[in-house]
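**Student:** If you scroll down you'll find the structure; I have some questions about it.
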Amino acid sequence: IFFLETDDPQKREKLVEYLMKSPGYSSHMSNWVFDLLRVTDRPANGRATLEPYRDWVRTAMADNMPWDEFTRKLLASSGDGWDPESAAVGYYVRDRGMPLDNLSNTMRIFLGARMECAQCHDDPFGTTERMDFYELAAFTHGQHEMRQRYMEPLWRELSDDERRNSREYRVARLLWDKVYGLSLAGGGDGRIDLPSDYQYRDGDP
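With our numbering applied, the sequence shown closes on residue 188, and no number is skipped along the way.
So, in structure tokens, the structure goes:
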């Protein structure tokens, strides 16, 4: 009613600003970004929680983080996902074990380019070649969880059938799922092997 009755020439701008600062707006934007980035409660391959990542996205939307900064923090993320400063690692942890799928979605989300076909063959309807896909995939290839080399020997030792019900196994499972699993060491090594079925002359498997 106030909006309709006031003669303030800036009433529209003030209303828009008021609405954009409301909890409803940040909630709506968060849900939209969740869908865009395929944000889930847990990684595709694992039981770690992604709640810190979800909280980071919510905070970014509530604070009206610029899109270029938001994108940069996602794609260049590394470190401990429980640290609010590096919680964006959830973008990569979400697709743990599926780095090529992550690349396909990254290209679609941020460049509007569909490269899924080039994972298996040159695009017959465009200019993207299979080699292009793997050259891009090399940028982030080699990412792994922090402290992985310390946890894996312990994990193998505790994973035999006789020790799966032990207290040590449950503690190790909790540490891996809830702490170390939500982390990323480095941004990749820049190298990747071509798949064994690579069929073009510009590279050897």
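We treat Cβ as the ideally placed atom computed from N, Cα and C, and that holds for glycine.
Rounded to whole angstroms, what's the CA-CA distance from Tyr1 to Thr42? Just pull it up for me.
**Tutor:** Within the sequence shown, residue 1 is the residue found at index 18, counting from 1. Within the sequence shown, residue 42 is the residue found at index 59, counting from 1. Using only the alpha carbons, I get a separation of about 18 Å.
**Student:** Output the distance between the C-alpha atoms of Gly114 and His104, rounded to the nearest integer angstrom.
**Tutor:** Along the sequence shown, one-based indexing puts residue 114 at 131. Along the sequence shown, one-based indexing puts residue 104 at 121. Reading the sequence as shown, one finds Met at residue 114 and not Gly. Whole-angstrom Cα-Cα distance: 9 Å.
**Student:** Is it right to say Ala59 is buried, meaning 16 or more other beta carbons lie within 10 angstroms of its own, or is it exposed?
**Tutor:** For this step, residue 59 is matched to residue 76 along the sequence shown. Ala59 is exposed by the Cβ-count criterion.
**Student:** Compare the C-alpha of Glu135 against each of Arg21, Asn148, Ala155 and name the closest.
**Tutor:** The count along the sequence shown starts at 1 and reaches residue 135 at position 152. For the residues Arg21, Asn148, Ala155, the minimum Cα distance to Glu135 belongs to Ala155.
**Student:** Roughly how far, in whole angstroms, is the beta-carbon of Pro35 from the beta-carbon of Leu165, given that I think they are within contact range, below 8 Å?
**Tutor:** Taking the first residue of the sequence shown as position 1, residue 35 is located at position 52. Taking the first residue of the sequence shown as position 1, residue 165 is located at position 182. Going by Cβ atoms, the distance from Pro35 to Leu165 rounds to 7 Å, so yes, they are a contact pair.
**Student:** Distance check for Asp51 and Gln126, CA to CA, integer angstroms please.
**Tutor:** Working through the sequence shown from its first residue, we reach residue 126 at position 143. Working through the sequence shown from its first residue, we reach residue 51 at position 68. Going from the Cα of Gln126 to the Cα of Asp51 covers about 23 Å.
**Student:** According to DSSP, is Ser69 part of a helix, a strand, or is it coil?
**Tutor:** Here residue 69 corresponds to residue number 86 of the sequence shown, with the count starting at 1. Three-state DSSP puts Ser69 in coil, outside helix and strand.
**Student:** Report the partner residues of Gly62 according to the DSSP bridge assignment.
**Tutor:** Numbered from its first residue, the sequence shown carries residue 62 at position 79. Bridge partners of Gly62: Leu167.
**Student:** Is His11 helix, strand or coil by DSSP?
**Tutor:** The residue labelled residue 11 in the question sits at position 28 within the sequence shown. Note: His11 maps to helix in three-state DSSP.
**Student:** What residue range does the alpha helix (DSSP H) around Trp159 cover?
**Tutor:** In the sequence shown, residue 159 corresponds to position 176, counting from 1. That residue, Trp159, is in no alpha helix (DSSP H); it is neither H nor E in DSSP.
**Student:** Taking 8 Å as the threshold (C-beta atoms), are Val76 and Leu141 in contact?
**Tutor:** Here residue 141 corresponds to residue number 158 of the sequence shown, with the count starting at 1. Here residue 76 corresponds to residue number 93 of the sequence shown, with the count starting at 1. No; because the gap between Cβ atoms is not below 8 Å, this pair is not in contact.
**Student:** Quick one, which of Gly170, Thr23, Arg139 has its alpha-carbon nearest Trp159's?
**Tutor:** Here residue 159 is taken as the residue at index 176 of the sequence shown, counted from 1. Considering only alpha carbons, the answer is Arg139.
**Student:** Are Val72 and Ser61 touching if we call contact CB-CB under 8 Å?
**Tutor:** As a working mapping, residue 72 is identified with position 89 in the sequence shown. As a working mapping, residue 61 is identified with position 78 in the sequence shown. Going by C-beta atoms, Val72 is nearer than 8 Å to Ser61.
**Student:** Can you grab the Cα-Cα spacing for the pair Arg146 / Leu157, in whole Å?
**Tutor:** As a working note, residue 146 is residue 163 in the sequence shown. As a working note, residue 157 is residue 174 in the sequence shown. Their backbone Cα atoms lie some 15 Å apart in a straight line.
**Student:** Span of the alpha helix (DSSP H) holding Ser87?
**Tutor:** Numbered from its first residue, the sequence shown carries residue 87 at position 104. Unbroken alpha helix (DSSP H) run through Ser87: 82 to 94.
**Student:** Less than 8 Å separating the beta-carbons of Gly80 and Ala31?
**Tutor:** On the sequence shown, position 97 is the one that residue 80 refers to. On the sequence shown, position 48 is the one that residue 31 refers to. Contact: no.
**Student:** Quickly, what does DSSP pair His127 with across the bridge? List them, please.
**Tutor:** Taking the sequence shown and counting its residues from 1, the one referred to as residue 127 is at position 144. Ala168, per the DSSP bridge assignment.
**Student:** Within the same chain, show all residues whose beta-carbon is closer than 7 Å to that of Cys100, passing over the 5 residues directly before and after it, in chain order.
**Tutor:** On the sequence shown, residue 100 is found 117 positions in, with the first residue counted as 1. Within the same chain, Cys100 has close Cβ partners Asp106.
**Student:** Leaving aside the five residues before and after Leu19 along the sequence, list all residues of the same chain whose C-beta is less than 8 Å from its C-beta, in chain order.
**Tutor:** By one-based count along the sequence shown, residue 19 stands at place 36. For Leu19, where only same-chain residues beyond five positions count, the Cβ hits under 8 Å are Ile92.
**Student:** Less than 8 Å between the C-beta atoms of Val(-1) and Val22, yes or no?
**Tutor:** Taking the sequence shown and counting its residues from 1, the one referred to as residue -1 is at position 16. Taking the sequence shown and counting its residues from 1, the one referred to as residue 22 is at position 39. Cβ atoms of Val(-1) and Val22: not closer than 8 Å.
**Student:** For Ala96, tell me which candidate among Asp187, Leu119, Ala70 has the shortest Cα-Cα distance.
**Tutor:** Along the sequence shown, one-based indexing puts residue 96 at 113. When each option's Cα is compared against that of Ala96, the closest is Leu119.
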